[in-house]
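Scroll down for the structure; my scribbles are underneath it.
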Amino acid sequence: SFEQLLLHGSRAKLVFFTGENVRPPVGKVPLCISFDHLPSSVPSSLHTRIPLWVFNKEVHRVLELHESRLGGDLGASFRGGSGRKERFCCWVASNANMYNAQLRLRFVQSLSTSYKQVDCGGQVMNNVGGPVKDKMEFLSRYKFNICFENASFPGYCTEKLLHAFAAGCVPIYWGDPTTTTTTTTTTTMTTTTSDFNPKAFISAHGFETPELLLRHIERVDQDAELYESYLRQPIFSQLWYDRLKHWPSFCQ
Numbered sequence: 001s002f003e004q005l006l007l008h009g010s011r012a013k014l015v016f017f018t019g020e021n022v023r024p025p026v027g028k029v030p031l032c033i034s035f036d037h038l039p040s041s042v043p044s045s046l047h048t049r050i051p052l053w054v055f056n057k058e059v060h061r062v063l064e065l066h067e068s069r070l071g072g073d074l075g076a077s078f079r080g081g082s083g084r085k086e087r088f089c090c091w092v093a094s095n096a097n098m099y100n101a102q103l104r105l106r107f108v109q110s111l112s113t114s115y116k117q118v119d120c121g122g123q124v125m126n127n128v129g130g131p132v133k134d135k136m137e138f139l140s141r142y143k144f145n146i147c148f149e150n151a152s153f154p155g156y157c158t159e160k161l162l163h164a165f166a167a168g169c170v171p172i173y174w175g176d177p178t179t180t181t182t183t184t185t186t187t188t189m190t191t192t193t194s195d196f197n198p199k200a201f202i203s204a205h206g207f208e209t210p211e212l213l214l215r216h217i218e219r220v221d222q223d224a225e226l227y228e229s230y231l232r233q234p235i236f237s238q239l240w241y242d243r244l245k246h247w248p249s250f251c252q
């Protein structure tokens, strides 16, 4: 309690934790908890990795969805059993001045002008009659959701990707580059060192140019079989699926 900390503060140990994209001061405090992928040479007594998305309330929904996909239940990917979706793509953002905000704005504008309109339900670029009251209900109407983080760093993945999965969207993601299916004009290569299955979403990091990414989204939108192939994929990496199964407190 607060009173105990005042009385016994000299015996208390400092623990570092933040939800921001900053590096943990390993060795300067007794224990750091962060999303960083640190070398195995850093002992677990000094640093424990827990990604930010683990603390989001939608984890239980996405875990259920992951298990449904393992069982071949494609219908479970459509939130609330609403069936196949007709609306194209959405984006929800409330701050146009955040770091890397211009990257997101340019991408939304490029997709809207080169292919189809992106419906924007936040305060930024709103074109649906005002900010939506229920983000998850809004996302659930769409095939795709643009979920770009405020910054890109290995391991930095917030609630954005999780929300897209929970709503039954195919995420179009930028942020954590450590799970990537790299697509060039001639080859495709998958590299995985992160928390999610790279075949379950579209990673902007996997394309050499924005134009290749835009063309891929257009192709997936027009090919029902290709689109549904994303919805059939398990969501988590095997490592994180195994962990979440045994962490009920995180999944309630």
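Here UniProt numbering is used: position 20 in the sequence shown is 20, and no number is missing along the way.
Yeah, the Cβ is synthetic: ideal placement off N, Cα and C, and Gly gets one too.
With 16 as the cutoff for other CB atoms within 10 Å, does residue i come out buried or exposed?
i	result
Phe55	exposed
Phe17	exposed
Glu208	exposed
Arg21	The sequence given here has Asn at residue 21, not Arg. So Asn21 counts as buried.
Asp223	exposed
Asn95	exposed
Ser203	buried
Met189	Residue confidence is low: Met189 scores 43 on pLDDT, short of 50, so the model does not pin down where it sits. No coordinate-derived value is stated.
Arg87	exposed
Arg106	exposed
Ser40	exposed
Just reading off the beta strand (DSSP E) that residue i is part of, what are its end residues?
i	result
Trp240	No beta strand (DSSP E) contains Trp240, which is instead part of the alpha helix (DSSP H) from Gln238 to Lys245.
Lys143	Tyr142 to Phe148
Phe88	Arg87 to Trp91
Val15	Val15 to Phe17
Val118	Val118 to Cys120
Confirm, please, whether the CB-CB distance from residue j to residue i is below 9 Å.
i	j	result
Tyr173	Phe148	yes
His37	Gly168	no
Met136	Ala93	no
Ser140	Ser194	no
Cys157	Gly129	no
Of all the options the options, which has the alpha carbon lying nearest to the alpha carbon of residue i?
i	options	result
Arg49	Leu63, Val59 and Leu31	Leu31
Lys143	Asp221, Leu63 and Gly129	Asp221
Gly19	Gly27, Leu52, Val42 and Val59	Leu52
Lys245	Ala166, Pro131, Pro25 and Leu63	Leu63
Leu70	Asp176, Pro39 and Ala200	Ala200
Leu226	Gly121, His163, Val170 and Val92	Val170
Cys89	Pro210, Val108 and Tyr241	Val108
Leu111	Leu239, Arg219 and Phe236	Arg219
Ser44	Pro131, Val132, Val26 and Trp247	Val26
Glu159	Glu58, Trp240 and Ser34	Glu58
I'd like to confirm the pairing. Which residues does DSSP put opposite residue i in its beta bridges?
i	result
His47	Cys32
Tyr173	Cys147 and Ser203
Kindly indicate the opening and closing residues of the alpha helix (DSSP H) around residue i.
i	result
Val59	Val59 to Leu70
Asp223	Unbroken run through Asp223: none, as it is neither H nor E.
Val54	Looking at the DSSP string, Val54 is not in any alpha helix (DSSP H), and its letter there is neither H nor E.
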